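Notes to accompany the following structure.
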Amino acid sequence: MTDEAHWDIRALQARIADGPQRIRYPAGSPDNLETEKYIEYLGRHLHNAGKNPADADVVVLGMTPEIRLALHEFGYGVTCVDNSDQAIELFRDWIPPAYRQRETIKRSDWTAYASTAGKSIDAFLGDGVLANFPDVGSCRDLLCALFQALTPGGVCIFRLTSLPSRYIELPSLSHEYIRQFRNNDLDPYEFGFAIRKFGFLDRAYDAKNFILNNQLVFELLREMHMNSKLSEEEYAATQRYQFYGPNLLMPRDKLKTLIAECGFQVETHRLNGRHWYDYYSFYVCSKRSPACTVDR
Ligand SMILES: C[S@@+](CC[C@H](N)C(=O)[O-])C[C@H]1O[C@@H](n2cnc3c(N)ncnc32)[C@H](O)[C@@H]1O
193 MTDEAHWDIR
203 ALQARIADGP
213 QRIRYPAGSP
223 DNLETEKYIE
233 YLGRHLHNAG
243 KNPADADVVV
253 LGMTPEIRLA
263 LHEFGYGVTC
273 VDNSDQAIEL
283 FRDWIPPAYR
293 QRETIKRSDW
303 TAYASTAGKS
313 IDAFLGDGVL
323 ANFPDVGSCR
333 DLLCALFQAL
343 TPGGVCIFRL
353 TSLPSRYIEL
363 PSLSHEYIRQ
373 FRNNDLDPYE
383 FGFAIRKFGF
393 LDRAYDAKNF
403 ILNNQLVFEL
413 LREMHMNSKL
423 SEEEYAATQR
433 YQFYGPNLLM
443 PRDKLKTLIA
453 ECGFQVETHR
463 LNGRHWYDYY
473 SFYVCSKRSP
483 ACTVDR
């Protein structure tokens with residue numbers, strides 16, 4: 193199970209750049225290009241499966257407003273599933289009233305929802321969802337439940353972080369990222385997101401269980417700020433991605449194997465132009481085989 197308490201109002205609001213304008217910070221939330229890619233991969237997949245947007249039942253895991261808005265603009269039937277009342281309240285109204293009326297919101301755990309959905313859903317879309325699990329087993333349970341809930345030929349489209357193989361030696365990259373930011377090689381979003389994920393692998397990452405201890409990451413960042421090793425601007429850039437729960441951060445090949453084990457045919461798409469594309473890619477996971485092969 194994930195710990196819903198970790199997505200508290202502080203973590204949700206930290207990601208918002210401009211509330212009235214409905215703008216969130218990139219990297220932690222999909223930007224325009226990434227949102228377009230969700231729609232492009234979905235449209236291509238459903239077209240090949242002979243399905244029209246209006247007849248497609250698409251489920252968003254989480255309340256990600258950027259994805260919901262784009263899905264509505266293309267005429268998809270949208271259901272969102274989130275286990276946090278605060279996330280639902282905060283983001284419910286980030287889409288126009290006409291779209292809100294057509295949207296279904298379920299307050300539920302994703303695995304529980306998918307386990308009771310039947311084989312009725314054409315697509316699940318989720319931005320960063322698998323990082324929310326505190327161990328590989330519960331992540332596998334979700335993937336198997338999603339596989340079972342999809343119609344034959346259905347698809348899951350995720351943007352997922354993974355550990356690049358060159359980081360397996362667990363270096364401490366915080367100083368390198370600070371140097372790159374001060375040299376204008378990274379913008380504040382690239383810097384803030386990267387240092388939170390990979391700045392302290394040597395101390396905060398459990399390489400056996402693939403778990404990043406964010407509580408410790410944010411303590412280390414606070415310490416660096418107090419000791420004047422991070423400027424105000426640098427510290428503020430890190431706080432946009434605050435999160436105090438554990439994150440599942442698997443090596444790239446192991447993540448792909450895990451998804452494939454649950455029955456999916458996996459295609460990865462790496463975009464170009466932002467630092468986070470080194471470790472944050474799209475995974476288009478198609479239900480082509482008839483069964484999930486995991487023995488649960
Ligand atoms: C989709 S994730 C990642 C954030 C994402 N990049 C975004 O666009 O905001 C965050 C959301 O997932 C929800 N969540 C996390 N684990 C969950 C679970 N097991 N079941 C249902 N909702 C969950 C949290 O409440 C939160 O609103």
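In this text, residue positions in the sequence shown follow our numbering: the first is 193, and each later residue adds one.
Glycine included, C-beta positions come from ideal geometry on N, C-alpha and C.
The structure displayed is predicted, hence computed values, not measured ones.
Burial state of residue i, where buried means 16 or more other Cβ atoms lie within 10 Å
| i | result |
| --- | --- |
| T194 | Here T194 scores only 48 on pLDDT, less than 50, and its place in the model should not be relied on; the value that follows carries that caveat. Its Cβ being crowded by 16 or more others within 10 Å, T194 is buried. |
| E228 | exposed |
| K479 | buried |
| A315 | buried |
| M418 | exposed |
| E226 | buried |
| G465 | exposed |
| Y475 | buried |
| A262 | buried |
| W468 | buried |
| G220 | buried |
| K448 | buried |
| E424 | exposed |
| N406 | buried |
| A246 | exposed |
| R374 | exposed |
| G320 | buried |
| R332 | buried |
DSSP beta-bridge partners of residue i
| i | result |
| --- | --- |
| T271 | V251 and T296 |
| S473 | L352 |
| A315 | V250 and V347 |
| R374 | Note: R374 sits in no beta bridge, so no partner. |
| R216 | I208 |
| P443 | L355 |
| S221 | P218 |
| S420 | S420 is not bridged to any residue. |
| S489 | Absent from the model: residue 489. The displayed extent of the chain is 193 to 488, so no value can be given. |
Bounding residues of the beta strand (DSSP E) (the contiguous stretch that carries residue i)
| i | result |
| --- | --- |
| N405 | I403 to N405 |
| P438 | P438 to L440 |
| I208 | I208 to D210 |
For residue i, the nearest candidate out of the options (CA to CA)
| i | options | result |
| --- | --- | --- |
| D249 | I313, L447 and T460 | I313 |
| Q372 | S364, P363 and F383 | F383 |
| I403 | E415, P438, V409 and H417 | P438 |
| Y471 | P356, Q457 and Y291 | P356 |
| L317 | R374, G235 and R216 | G235 |
| S420 | P443, I370 and L441 | I370 |
| L412 | R351, L322, S366 and R462 | S366 |
| A304 | A341, A452 and K243 | A341 |
| P222 | N244, E232 and E258 | E258 |
| A386 | K400, I201, N401 and Y427 | Y427 |
| V190 | G329, A306 and D398 | A question about residue 190 goes unanswered here, because the residues of the chain that appear run from 193 up to 488. |
| F266 | P363, Y230, R414 and D319 | Y230 |
| A399 | E368, R414, E361 and D377 | E361 |
| T308 | L334, C348, P443 and N244 | L334 |
| D445 | L282, V321, R358 and N244 | R358 |
| G310 | L338, D200 and S473 | L338 |
Same chain, Cβ closer than 8 Å to residue i, five either side skipped, listed in chain order
| i | result |
| --- | --- |
| A206 | Q431, R432, Y433 and Q434 |
| D277 | R299 |
| V409 | R388, G391, F392 and A396 |
| C336 | C454, G455, C484, V486 and R488 |
| A203 | Q434, F435 and Y436 |
| E295 | R260, H264, V270, T271, C272 and I287 |
| A323 | L352, T353, N439, L440 and L441 |
| L378 | Y369, Q372, A386 and H467 |
Span of the alpha helix (DSSP H) around residue i
| i | result |
| --- | --- |
| L489 | It is not possible to answer for residue 489, since the shown part of the chain is limited to 193 through 488. |
| D285 | Note, D285: premise wrong, no alpha helix (DSSP H); not H, not E. |
| F456 | Unbroken run through F456: none, as it is neither H nor E. |
| F385 | P380 to F390 |
| A304 | W302 to S307 |
| D394 | L393 to A396 |
| P257 | P257 to E265 |
| G235 | N224 to N240 |
| Y427 | E424 to Q431 |
Close Cβ partners of residue i (< 7 Å) along its chain, the five nearest in sequence each way excluded
| i | result |
| --- | --- |
| D274 | G254, M255, I280 and R299 |
| A429 | P380, F383 and G384 |
| G346 | I313, D314, A315 and K479 |
| A209 | I215, R216 and Y217 |
| I451 | L335, V458, Y475 and C477 |
| R462 | Y469 and S473 |
Own chain, CB closer than 6 Å to residue i, minus 5 neighbours either side, in chain order
| i | result |
| --- | --- |
| L238 | A248 |
| M416 | L422 |
| E459 | V476 |
| P218 | Y381 |
| P212 | none |
| E268 | Residue identity differs from the one stated: residue 268 is Tyr in this sequence, not Glu. Hits under 6 Å: P245, A248 and V250. |
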